[in-house]
Every structure is written in structure tokens, then in C-alpha cells.
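Protein chains in written order, with this note's numbering: chain F, 640 to 1010; chain B, 640 to 1010. A short write-up of the structure that comes next.
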DNA sequence: GCCGGCCATGTGAGCGATAACAATCGCGCC
DNA sequence: GGCGCGATTGTTATCGCTCACATGGCCGGC
């Protein structure tokens, strides 16, 4: 008997504030001004079944007669019912939401990773809460994680490209599923990252194989783990090839750094191949080389890193190492999901392979350069 | 027990899966593998008070004897108790979390706004959940909002710089507090945005006042509301000053667009002043001007928009219009909070004033240009 | 000296869902 | 033809907290 009678005269003072309080069926009174949303009991009543049956239709959905299910679903539709996620989470102990700790930056890598995670989570029906930090260090990571726990997330992803973050991650209480993305401690925590070593090796080898005698490197700031790994791989690749290892130039990821550090390279005719640790720095370098009258790739070959969307529009289109941040997000998410389901920390390391994208900024050295 | 004794022969499988079940105190049985966390009742028991008193200490905190409060807080500390936000939200109807719909982009504006919101929310004790969309249109906005509602957010912020998004926003059910950020419909929804009209006027007037006869404009893509507004204000400012209105050049926010469209400007000696609708396009223009041998600001003056962090490192440092995205986030957040507290939609428009930052890319026109 | 009223605290009832178990029905099988 | 079992559905307890109201002590005022 769902509202058998609808009285034509709702017993409501139709208001001092223009809002209409709606007379509701049954015994529930209505807070004026707040539209009452239907709950599972309403659906049950309307469908003429028990609340548990409604729950069954909405969840496992086994052991329900098709006819019953149809009636329930119809009631759901009529009432525009949506399950209250809080109530569900309270009783199941699962909120189906994840926390992400992210650097407050518009740097391409961290920002893209965030979106990659969001997309993967979305597809699996998870929501994500983010906490951004201005700097990554022990305390900021700890307090960010604490805030996320207060939001009842099922698990946490820390986008932690910087070394300092590692100290925080290591000290986290082990009772929350957690995965470190882009970098992390060697032990005790699951880590998903792009294989920086491979990426830098691909870049460096590509240039060596084109015939360059050695490769210069404009690196990222050494507080970024990735920057260090790229330096190490670049150096190892040169050494393995018996090539001379030039001094490393430390930048800060910005185009400006590429420009300024690049000025020294542009002035040195010995320099025929450069590997820049990210695309913006490659862009800066591109510019200073141009200003110095050194053609790319004729006089100098250049490889970047990241494959930002604009890279193929650089002049010339940039050969670079692509990092698949969507894949990174996907893998991080599934690893975290696994931890959540097994109920224990994992300490797996997942490596995502980067890919060399050859465009037009690399070529064999000019003949005079060899002479 | 953190290995008080390290037996040389750890009894490895004391379960079948290596997990150790910890014996807990009291009558509660323990799910093996999952550490039980303390709840409010535990605190109450330990402090020798009722659960309600614990609740009072943790919330309103009025009407509690200092001595009692101290005892409760001590118990909280001892048990490392944290209130379960789900239970609280279930009963209060407030989750203290906000939803943000954001464009899946690393564009400086939307990305910074997101962080601005996060920071403001954080300071007020709110968490944020994000949903990112690849494109903004009616359906994507609607489904994003729907997803956020399923996460039990108290209110929603839509970062909606594109026109298409407006259609979605207008169709949203009015029963959830919502604020549109950066743009929105004219009516029915609260909107917080930077005053684009003022910004473009500042830029254009600055150039006119330096003595330039007119100002060219490299605009953003017209599906962005901001782009249109900047065009309109630029045009109006020129007209008000009696200056000729040159044809507008439509870009896509990228440095590349600035470069390519700029080529035409660089070739035209009549062009002495350009207003670029964002900093990256200004950067591209800067480059093509340089390549064409036209000096900035001696031959051509240039104003950007956004004040990205690198703008002061451009060559020359860029005069630009700063948008305070942190402020934008703060204002959006407080407006939303107000809606939440009053329980009804507002349709206020809040404008955040941009600011002209004069650096070294603008100067009076060269004398020969006037002649 | 009694009573109203405020302070400090406790009690019981939900919030809206799921979990665990109980109950009912019909059917196949010996 | 009775028994047992699976398919369906209902009942009750519970998740961890806050709300509304009840209670009991202590104070001041007449």
C-alpha cells in the first residue's frame, strides 16, 4: 500500500520562504527545504518485497526470481533510488574509493599519472580522493596519508617522484594498502614505475648507434629519483660502449634550464649528440642551438624524454622517450586493488617499459664532425 | 610483536599463508590478518565514561568537565583512536567531502584551479574527490556529476572553461549544491571566475597607453569561454580608444599556435603590439619574432595571459596578466560551502580580479614605427 | 527549605545499508 | 509418499556514530 491516498490538501504551510514541503507517504516527516530522497525501505515497500531482496537485486543478484527482480528494478526507477554509499561502506568496510597523494605541480609526468589513475579507478568503479602537497618530504607524505585515511579510503597511491618522499613512505603504518607510483623505497612497499633505466639506455644507445662518439646529458634535478636513474643509465650505456663520459649538466626540468645549460653545449663544436632528461629542457636546448646557428639534426642530434603532446610539433619534431602514464596509472591501480583484496601489503615492483619514439631531431653525425 | 626473539628457524607456516593471527584483548575475536581498530566504545570504556561523552569531547566539546575531557583525550591517544568518518557522515548527512569535475588536461589554468580548490578545502577540513573528463559536454558533465553524487559528496565544483559544459550544468538536478568555476551559465548556477574582460582590457590598454596605435590579438580556441571573453574585451577596448581593430588570430593555447600564427605578425612591420591569450602562445610568438629578427620589446611589444611560473624567465621576461588560481579556488570553495550550509543553490556570480604584471616585453613603439 | 534551571552526563533510537541465519516452497528420488 | 536439498525470500543483528531526550546534582532566589 504505497500511498494509497494522496490528500489534495497537503498539511503544510506552503511557506515563508517559497519552498514547498512535500507531503510524504508513510510515517516519515519531512524536513522542510530538504527534499527527502528515497531509501531502500521505500523501494522494498513499493515493490512489495523485503529490504533484503532489494539489496540482493542491487548486489549479488543471485537467487532472485526474474519477476521479482523486475518489480524491484521498476520501483528503483520510479523512486529514482540510489543506494547510499556511506551506509554500504559502513557495513561492508569498503568505501570503493582510493586516495592519491600528488605533488601540487603541473609537471607533465605527475599530472598525467594522476589522470591515468583516475581513469583506471573509474573503469573499475572506484572513486578517488586527492591530497596535493607542495613539497614531498617525510612529514608532508605522512600527513597527507593521514588525511586520506580520515576519508575512509580503501587504499592509497603515492605519486612520489622525489627522494624525500621515500622516507615518509617507509614510516607509514602498515595497516593500509599502499602503492608508491613513479618511485619508492626498495623494500616493504609496492612500487610501480616506468623503467627509467631502460628509457635512458634507449635514448643513449640510439644516439651511439647513429654513429655519435659520445652523448651529452642535460639531467633533471637530482632530488628526483627519475633524474638520477636516467643519469646512471646514460653513464652506464656510454661506458658499456667504451665512449667517453662527458660531465653531466644538471637542470630543473624547465625549458629555461635547457636553454641556459644548452648555451655551453651550443658553443662546443665537439658536441654532436645530446640527451635531455625531459622534453621542455629539450625545447630550450633546441632554441639555443638554433640561435647559435647549429642545425638539428644536421649538426646536433637531440633526444628528449616524456613525449609531451607538443613534442611532435617542435622544430624539428622531437625524437623522445615515451612514458605511458595511462598504463602507469592502470598498473598502479590494479596492484593496489590486489593489496586491498588480499588485505596485505605487497612489495612487488612493477616496471612499465618506456618506448623510443624516433622523429626528426636525430641523425648520424655530419662528416666533418667525425673528421 | 616485532620479533623480540629472532629464532633461527621461524615457524614459517603458522597458517597456510604466512599471516599471523594476533590475539586481542577482551571479548572481541579477531579476523586473522586484519588488525582491529578501536572504536568510540573502546575509548568510552577506557575513559570510564559513556560513548556520548566521548562524542561530545570530539565534537562540540561544550558541557564537558575539563577533567573528563582530559581523561577522554588520554584514552583516545592510548588507543590511537580515529573517528570513523563513514559512520559520522551516515548519521549527520554530511561527508565533509567535495567533488570536483575537472578536464583531463595539464593546461595551466584548470590544473592550477584544481590545486587551489584542494588547498582551500583542505584548510577547511574538507576532502575532495575528483572526476576527470576528456571532453566537456553535456553528457560528460552529467555523468561526472552523477558519479560524484554516488560518492556522497556534500557539493560539487565543476571546472568548466568550455561552452559545451554549460549545457550539462544547466540540466543538473537542483538538489545538490554546485558551483561552476571559470565559467558557467548566466543564470541558475553560482559561478566563480576570473574577470576575463578586465584582464584583456588591462593588457590591451597597457599597450595602447604605451603609444601603440593598435594591438593584435592571438586568441584561444573559441570553444573556451575565456577565449571569447578576452576577444570581446580586447575588441571593445580598441574601439573605445578609437583604434583600428585588426583581424583576430585564433590559436589553441599551444606554443606552436603562437609560433605559427605569429609568423604572419612577424612578417608585418605594421605590427608593433600583440596581446596573446595565454603565455605559451606568447612564448611561441616570442620565438618566431626572434627568428624574424624583430626585437622584443624594441620592435614589438607583447603581453601574455596567465603568468605561468616560467613567464618571468622568458627572453625577455614576459609582461602578462596574472590569474590568481589559488584565490579562484578559495572563492569557489567558500561559495560552495555557503550553498551547502544554507541548503540551497545560489546563483551568485563572483569575479576574481586579474592583475597586470609588467615585465620587460612591453615598451613604447620605436620612433620609426610611428613615423 | 523548596523549586526552577543550568551543568554534566547517560540512555535509547536511529542513520541506511549488508550479513548471517531462518523460514518457506517445490521438486526429485528412493 | 516422505525426505532432503536448492531456490527464494524474510528476519534480526550490526556497522560506528550522533541526536533527542532523560537524569541527577548543584546553585541561587524567595
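Idealized CB from N, CA, C, for every residue including glycine.
Per-residue contacts from residue 724 (chain B) into chain F (C-beta, under 8 angstroms): As a first step, residue 724 (chain B) is located in the second chain; it is residue number 85 there, counting from the start. The contacting residues are 789, 790 and 791.
Residue 1010 (chain F) in three-state terms, based on DSSP: The residue labelled residue 1010 (chain F) in the question sits at position 371 within the first chain. No answer about residue 1010 (chain F) holds up, because its pLDDT of 39 lies below 50 and its placement is not dependable.
Assigned exposure category for residue 916 (chain F) - 16 Cβ within 10 Å defines buried: In the first chain, the residue the question calls residue 916 (chain F) occupies position 277. By the neighbour-count rule (16 or more Cβ atoms within 10 Å), residue 916 (chain F) is buried.
For residue 989 (chain F), three-class secondary structure by DSSP: Walking along the first chain from the start, residue 989 (chain F) turns up at place 350. Correct three-state label for residue 989 (chain F): strand.
Neighbourhood of residue 710 (chain F) by C-beta, 6 angstroms cutoff - its chain only, sequence neighbours within 5 removed: Locating residue 710 (chain F) in the first chain gives position 71, where the first residue counts as 1. A distance below 6 angstroms between beta-carbons, with the five flanking residues on each side excluded, links residue 710 (chain F) to the following residues of its chain, in chain order: 686.
8 angstroms contact criterion, which residue 865 (chain B) and residue 822 (chain B) should meet: CB distance rounded: To locate residue 865 (chain B), count along the second chain from 1; it is residue 226. To locate residue 822 (chain B), count along the second chain from 1; it is residue 183. Going by Cβ atoms, the distance from residue 865 (chain B) to residue 822 (chain B) rounds to 7 angstroms, so yes, they are a contact pair.
Three-state secondary structure assigned by DSSP to residue 801 (chain F): Residue 801 (chain F) sits at position 162 when you count from the first residue of the first chain. In this structure, residue 801 (chain F) counts as strand in the three-state DSSP scheme.
Residues that DSSP places opposite residue 927 (chain F) in a beta bridge: Within the first chain, numbered from 1, the residue matching residue 927 (chain F) stands at position 288. Per DSSP, none; premise fails for residue 927 (chain F).
For residue 806 (chain F) and residue 781 (chain F), the rounded distance between their alpha carbons: Position 142 of the first chain, counted from the start, is the residue given in the question as residue 781 (chain F). Position 167 of the first chain, counted from the start, is the residue given in the question as residue 806 (chain F). Going from the Cα of residue 781 (chain F) to the Cα of residue 806 (chain F) covers about 9 angstroms.
Where the beta strand (DSSP E) containing residue 768 (chain F) begins and where it ends: Position 129 of the first chain, counted from the start, is the residue given in the question as residue 768 (chain F). Taken as a continuous stretch (DSSP letters only), the beta strand (DSSP E) holding residue 768 (chain F) covers 766-772.
Status (buried if at least 16 other CB within 10 Å, exposed otherwise) for residue 856 (chain F): Against the first chain, residue 856 (chain F) aligns to sequence position 217. It is buried - the Cβ of residue 856 (chain F) has at least 16 other Cβ atoms within 10 Å.
Inter-stretch contact at 8 angstroms, needing at least 3 Cβ pairs: the stretch 800-816 of chain F / the stretch 757-770 of chain F: No contact exists between the stretch 800-816 of chain F and the stretch 757-770 of chain F.
Identity of the residues DSSP links to residue 792 (chain F) by a beta bridge: Working through the first chain from its first residue, we reach residue 792 (chain F) at position 153. Answer by DSSP bridge pairing: none, since residue 792 (chain F) is not bridged.
Nonlocal neighbours in the same chain, by C-beta distance under 8 angstroms from residue 997 (chain B), ignoring five residues either side: The count along the second chain starts at 1 and reaches residue 997 (chain B) at position 358. 845 and 958, listed in sequence order.
Exposed unless 16 or more other CB atoms sit within 10 angstroms - verdict on residue 797 (chain B): In the second chain, residue 797 (chain B) corresponds to position 158, counting from 1. By the neighbour-count rule (16 or more Cβ atoms within 10 Å), residue 797 (chain B) is buried.
Chain B contact residues for residue 771 (chain F), given Cβ-Cβ distances below 9 angstroms: If you number the first chain from 1, residue 771 (chain F) lands on position 132. Those are 753, 754, 757, 758 and 761, listed as they occur along chain B.
For residue 953 (chain F) and residue 913 (chain F), the rounded distance between their alpha carbons: Along the first chain, one-based indexing puts residue 913 (chain F) at 274. Along the first chain, one-based indexing puts residue 953 (chain F) at 314. For residue 913 (chain F) and residue 953 (chain F), the distance between alpha carbons rounds to 16 angstroms.
Cβ-based neighbour list, residue 744 (chain B), same chain, cut-off 8 angstroms, excluding 5 preceding and 5 following: The residue you call residue 744 (chain B) lines up with position 105 of the second chain. Only 750 meet the Cβ criterion.
Boundaries (first-last residue) of the beta strand (DSSP E) holding residue 738 (chain B): Here residue 738 (chain B) refers to the residue found at position 99 when the second chain is read from its first residue. Counting along the chain, the beta strand (DSSP E) containing residue 738 (chain B) begins and ends at 736-742.
Alpha helix (DSSP H) segment containing residue 951 (chain F), residue limits: Within the first chain, the letter at position 312 stands for residue 951 (chain F). First-last for residue 951 (chain F): undefined, no H or E at that position.
Within-8 angstroms CB hit, residue 668 (chain F) to chain B: Numbered from its first residue, the first chain carries residue 668 (chain F) at position 29. Note that residue 668 (chain F) has pLDDT 33, beneath the 50 cutoff, so the model's placement of it is unreliable and no number is given.
Length of the line joining the Cα atoms of residue 960 (chain F) and residue 993 (chain F): For this step, residue 960 (chain F) is matched to residue 321 along the first chain. For this step, residue 993 (chain F) is matched to residue 354 along the first chain. Whole-angstrom Cα-Cα distance: 6 angstroms.
Cβ-based neighbour list, residue 910 (chain B), same chain, cut-off 6 angstroms, excluding 5 preceding and 5 following: Along the second chain, read from residue 1 onward, the residue named residue 910 (chain B) stands at position 271. So the qualifying residues of the chain are 855 and 904.
Same chain only: Cβ atoms within 8 angstroms of residue 891 (chain B), ignoring 5 sequence neighbours per side: Taking the second chain and counting its residues from 1, the one referred to as residue 891 (chain B) is at position 252. So the qualifying residues of the chain are 859 and 860.
Minimum C-alpha distance to residue 791 (chain F) - residue among B:689, B:729 and B:843: As a working mapping, residue 791 (chain F) is identified with position 152 in the first chain. Minimum Cα distance to residue 791 (chain F) is reached at B:729.
Residue span of the alpha helix (DSSP H) that contains residue 876 (chain B), given as start and end: Translated into positions along the second chain, residue 876 (chain B) becomes position 237. Per DSSP, residue 876 (chain B) belongs to the alpha helix (DSSP H) from 864-879.
Given 8 angstroms, three or more beta-carbon pairs between the stretch 767-780 of chain B and the stretch 825-839 of chain B: Per the Cβ contact rule, the stretch 767-780 of chain B is not in contact with the stretch 825-839 of chain B (fewer than 3 Cβ pairs under 8 angstroms).
Contact residues within the stretch 949-981 of chain B, judged by C-beta distance below 7 angstroms to chain F: 949 and 952
Contact test: residue 862 (chain B) Cβ vs the ligand ATP heavy atom, cutoff 7 angstroms: Looking for the ligand ATP in the displayed structure turns up nothing, as the structure carries no ligands at all.
Within-8 angstroms CB hit, residue 999 (chain B) to chain F: The sequence position of residue 999 (chain B) within the second chain is 360, counting from 1. No, residue 999 (chain B) does not count as interfacial toward chain F.
Chain F contact for residue 795 (chain B) (CB, 8 angstroms cutoff): Taking the second chain and counting its residues from 1, the one referred to as residue 795 (chain B) is at position 156. No, its Cβ sits nowhere closer than 8 angstroms to a Cβ of chain F.
Cα-Cα separation, residue 1005 (chain B) to residue 936 (chain B): As a working note, residue 1005 (chain B) is residue 366 in the second chain. As a working note, residue 936 (chain B) is residue 297 in the second chain. Each residue's alpha carbon lies about 9 angstroms from the other.
Any chain B beta carbon closer than 8 angstroms to residue 894 (chain F): Within the first chain, the letter at position 255 stands for residue 894 (chain F). By this cut-off, residue 894 (chain F) is an interface position.
Residue 817 (chain B) in three-state terms, based on DSSP: On the second chain, position 178 is the one that residue 817 (chain B) refers to. If DSSP states are grouped into helix, strand and coil, residue 817 (chain B) belongs with the strands.
Proximal residues, the stretch 858-887 of chain F versus chain B, C-beta separation under 8 angstroms: none
Under 8 angstroms by beta carbon: chain F residues contacting residue 990 (chain B): The count along the second chain starts at 1 and reaches residue 990 (chain B) at position 351. Residues of chain F passing the Cβ test: none, with the nearest at roughly 24 angstroms.
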